[in-house]
Amino acid sequence: MPLYRKLDALKSARSSYKGNALGMVPTMGALHQGHLSLISRAKRESDVVWVTIFVNPTQFEKKDDLDKYPESLEADIAAIHEIKADINIFAPTAKEMYPEGLEAKVQTLGGLGNLMEGADRPGHYNGVITIVAKLFEALQPNQAYFGEKDFQQLQVIKKWGKDRHIQTRIIACPIVREANGLAMSSRNTQLSTEDRNEAGFIYQTMLKCKNKLLDKAAVYTTIKEAFSAHPNFDLLYVLCAEEDNLKEVDDLVSANKPRLFIATSVAGVRLIDNIALK
Ligand code: PAF
Numbered sequence: 052m053p054l055y056r057k058l059d060a061l062k063s064a065r066s067s068y069k070g071n072a073l074g075m076v077p078t079m080g081a082l083h084q085g086h087l088s089l090i091s092r093a094k095r096e097s098d099v100v101w102v103t104i105f106v107n108p109t110q111f112e113k114k115d116d117l118d119k120y121p122e123s124l125e126a127d128i129a130a131i132h133e134i135k136a137d138i139n140i141f142a143p144t145a146k147e148m149y150p151e152g153l154e155a156k157v158q159t160l161g162g163l164g165n166l167m168e169g170a171d172r173p174g175h176y177n178g179v180i181t182i183v184a185k186l187f188e189a190l191q192p193n194q195a196y197f198g199e200k201d202f203q204q205l206q207v208i209k210k211w212g213k214d215r216h217i218q219t220r221i222i223a224c225p226i227v228r229e230a231n232g233l234a235m236s237s238r239n240t241q242l243s244t245e246d247r248n249e250a251g252f253i254y255q256t257m258l259k260c261k262n263k264l265l266d267k268a269a270v271y272t273t274i275k276e277a278f279s280a281h282p283n284f285d286l287l288y289v290l291c292a293e294e295d296n297l298k299e300v301d302d303l304v305s306a307n308k309p310r311l312f313i314a315t316s317v318a319g320v321r322l323i324d325n326i327a328l329k
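Just so we're on the same page, my numbering is the position in the sequence shown counted from 1, plus 51.
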């Protein structure tokens, strides 16, 4: 399996592909079934697939969060190999991606970048866009696959791509869940077994809000009540917003594609999730 560490080697391999179906799956490694579903889809829809594995320091606003982020390169390579041996992997060092030091470029992301994760994690989306821009520039993918678990990230990247006239198609892929409903995330491995089992209540509560077609106030009350029954889970935010602009909606019935967003922290592990309400 082709494993690349250097941008020059990646660019030279890239230059030999002249078609228009090069698929890219950007990841920070510690791959789970959610990532593997993106890679499988990219493989089905592309002639050539590149998976990037890079824990991007500039999108972590807290050093201890970066330090404890899980890494498992050997296992990741094996899991990608299981899908198809010819998938290219790019796993650079931080020095390779940031030769001039770990700085994110300030991006104009509009309101999309300032709420929810952007508000709680200042600078996070500057870091995300900085690395996505560097990777896109080097690889020039025709299509790039992102999971809907990081829905806000997806919208921020779409907006950035549109504003900058980036030619890469941004493809959104559905959330993959554990058996109890917990959205798959590399961070789930940091949870204790008890917390991981208990965390299923988040999705079950979101589903209840969706299925009962509750109004916004009732959604917020239902979520807050559910969290008060699970006191080790801190509710960091809950928001009903329209998918496209992430603006809070007043009336879920007349709203255009309303979605419910939640962030929680349990034993220092941040979890986010979302669900379409209609
Ligand atoms: O979603 C992620 O894993 C990261 O934010 C991304 C898009 C790979 C950028 O580092």
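Beta carbons are placed, not taken as given, at the ideal position from N, Cα and C, and that holds for glycine.
Using DSSP's beta-bridge definition, name the partner residues of Met330.
Residue numbering for the chain in the displayed model covers 52 to 329; residue 330 lies beyond these limits and cannot be assessed.
Return yes when the C-beta of Thr78 is under 6 angstroms from any heavy atom of the ligand PAF, and no when it is not.
Here residue 78 refers to the residue found at position 27 of the sequence shown. The closest heavy atom of the ligand PAF lies less than 6 angstroms from the beta carbon of Thr78.
Start and end residues, alpha helix (DSSP H) containing Glu276
Along the sequence shown, read from residue 1 onward, the residue named residue 276 stands at position 225. 267-279 is the span of the alpha helix (DSSP H), which, as asked, contains Glu276.
For the beta strand (DSSP E) containing Tyr288, list its first residue and its last residue.
One-based indexing of the sequence shown puts residue 288 at position 237. From DSSP, the beta strand (DSSP E) with Tyr288 extends over 284-293.
Measuring alpha carbon to alpha carbon, tell me which residue in Lys275, Val304, Ala277, His175 is nearest Gln112.
Position 61 of the sequence shown holds residue 112. Here residue 112 turns out to be Glu, not Gln, going by the sequence shown. For Glu112, the closest of Lys275, Val304, Ala277, His175 by C-alpha to C-alpha distance is His175.
Taking the DSSP output, what are the residues bridged to Ser316?
In the sequence shown, counting from the first residue as 1, residue 316 sits at position 265. The secondary-structure analysis by DSSP pairs Ser316 across a beta bridge with Asp285, Arg321.
Ordered list of beta strand (DSSP E) runs contained in the segment 147-224, each at least 3 residues
Runs of the beta strand (DSSP E) inside the segment 147-224: 194-198, 220-224.
How many angstroms separate the CA atom of Trp211 from the CA atom of Gly198?
Stepping through the sequence shown from its first residue, residue 211 is reached at position 160. Stepping through the sequence shown from its first residue, residue 198 is reached at position 147. Between the alpha carbons of Trp211 and Gly198 lies a distance of about 17 angstroms.
In terms of residues, what are the limits of the beta strand (DSSP E) holding Asn139?
Counted from its first residue, the sequence shown places residue 139 at position 88. For Asn139, the enclosing beta strand (DSSP E) stretches over residues 139-141.
Taking Trp101 and Leu190 to be in contact with their CB atoms under 8 angstroms, please state how far apart those CB atoms are, rounded to whole angstroms.
The sequence position of residue 101 within the sequence shown is 50, counting from 1. The sequence position of residue 190 within the sequence shown is 139, counting from 1. Yes, Trp101 and Leu190 are in contact; Cβ-Cβ is about 6 angstroms, under 8 angstroms.
Through-space distance from His86 to Arg95, alpha-carbon basis:
Numbered from 1 along the sequence shown, position 44 holds the residue referred to as residue 95. Numbered from 1 along the sequence shown, position 35 holds the residue referred to as residue 86. Taking the straight line joining both Cα atoms gives about 14 angstroms.
Does the pairing of the segment 273-288 with the segment 233-242 give three or more beta-carbon distances under 8 angstroms?
Contact fails between the segment 273-288 and the segment 233-242, because fewer than three Cβ pairs, one in each stretch, are under 8 angstroms apart.
Excluding five sequence neighbours on each side, which residues of the same chain lie with their C-beta closer than 6 angstroms to the C-beta of Pro192?
Counted from its first residue, the sequence shown places residue 192 at position 141. In the same chain as Pro192, and ignoring 5 residues on each side of it, the C-beta atoms closer than 6 angstroms to its own belong to Leu73, Met75, Thr219, in chain order.
Within a Cβ cutoff of 7 angstroms, which residues of the same chain sit near Glu294, ignoring the five residues on either side of it in sequence?
In the sequence shown, the residue the question calls residue 294 occupies position 243. Excluding positions up to five away in sequence, the list reads Lys308, Arg310.
Own chain partners of Asp98 with C-beta closer than 6 angstroms, once the 5 adjacent residues on each side are dropped:
Within the sequence shown, the letter at position 47 stands for residue 98. Here the set comprises Gly70, Ala72.
Secondary structure at Ile128, three-state DSSP: helix, strand or coil?
Sequence index remark: in the sequence shown, residue 128 carries index 77 (1-based). Under the three-state reduction of DSSP, Ile128 is assigned to helix.
Taking just the CA atoms, how far does Ala81 sit from Pro173?
For this step, residue 173 is matched to residue 122 along the sequence shown. For this step, residue 81 is matched to residue 30 along the sequence shown. Roughly 24 angstroms between the two C-alpha positions.
Specify the secondary structure class of Glu299 as computed by DSSP and reduced to three states.
To locate residue 299, count along the sequence shown from 1; it is residue 248. Note: Glu299 maps to strand in three-state DSSP.
If you follow the alpha helix (DSSP H) that Phe252 is part of, which residue opens it and which one closes it?
As a first step, residue 252 is located in the sequence shown; it is residue number 201 there, counting from the start. According to the DSSP assignment, Phe252 belongs to the alpha helix (DSSP H) that extends over 251-262.
Report, in whole angstroms, the separation of the C-beta atoms of Leu153 and Pro108, which I expect to be a contact under 8 angstroms.
On the sequence shown, position 102 is the one that residue 153 refers to. On the sequence shown, position 57 is the one that residue 108 refers to. About 5 angstroms separates the two Cβ atoms, so the contact holds.
Using DSSP with H/G/I as helix, E/B as strand and the rest coil, what is Arg228?
Reading the sequence shown from its first residue, position 177 is the one you call residue 228. DSSP, read as helix, strand or coil, puts Arg228 in strand.
Taking 7 angstroms as the threshold (C-beta atoms), are Pro77 and Asn139 in contact?
Reading the sequence shown from its first residue, position 88 is the one you call residue 139. Reading the sequence shown from its first residue, position 26 is the one you call residue 77. For Asn139 and Pro77, no; Cβs fall outside 7 angstroms.
Using the DSSP secondary-structure output, state which residues sit across from Leu311 in a beta bridge.
Residue mapping note: residue 311 aligns to position 260 of the sequence shown, counting from 1. Its beta-bridge partners are Cys291, Ile326.
What three-state label does DSSP hand Leu87 in the structure shown?
The residue labelled residue 87 in the question sits at position 36 within the sequence shown. Here Leu87 sits in helix by DSSP.
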